[in-house]
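The numbering used here puts the sequence shown at residues 777 to 855.
To start, the structure under review is shown below, and the notes come after it.
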Amino acid sequence: MKIELNLYATLSRYLPDGLSGEEKEYDVNRGATVDDLLQLLKIPVGQVKLVFLNGVHANRDTVLSEGCRVGIFPPVGGG
777 MKIELNLYAT LSRYLPDGLS GEEKEYDVNR GATVDDLLQL LKIPVGQVKL VFLNGVHANR
837 DTVLSEGCRV GIFPPVGGG
């Protein structure tokens with residue numbers, strides 16, 4: 777099934793080959809969770825601070841649905 781994937785800031789380096797920009801369509805298995813997606817993209821757990829699903833905060837065990845918008849944000853650094 778297709779989802780709309782948004783990787784922000786430093787997480788954009790985890791985009792699969794052939795995808796560019798922050799926002800793109802991505803295929804995942806039906807019934808996949810946020811955690812499944814992070815593993816598929818090989819994003820280390822410590823690199824993710826927030827995940828939003830259709831604009832609402834999502835947990836790692838939240839199940840993705842066809843056409844959903846997933847936004848993944850890293851921790852903010854600086855001083």
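Beta carbons: idealized from backbone N, C-alpha and C, even for Gly.
Judged by DSSP in its simplified three-state form, Tyr790 adopts helix. Counting only the Cα atoms, Val852 lies some 30 Å from Gly807. Nearest Cα to Asp811 within the set Phe828, Lys800, Glu801: Phe828. Taken through DSSP and simplified to helix, strand or coil, Asp837 comes out as coil. In this structure Val832 is exposed. Its beta-carbon is surrounded by fewer than 16 other beta-carbon atoms within 10 angstroms.
Here Val821 is exposed, its C-beta having fewer than 16 other C-beta atoms within 10 Å.
Take Glu842, set aside five residues on each side of it, and the residues of its chain with a beta-carbon closer than 6 Å to its own are Met777, in chain order.
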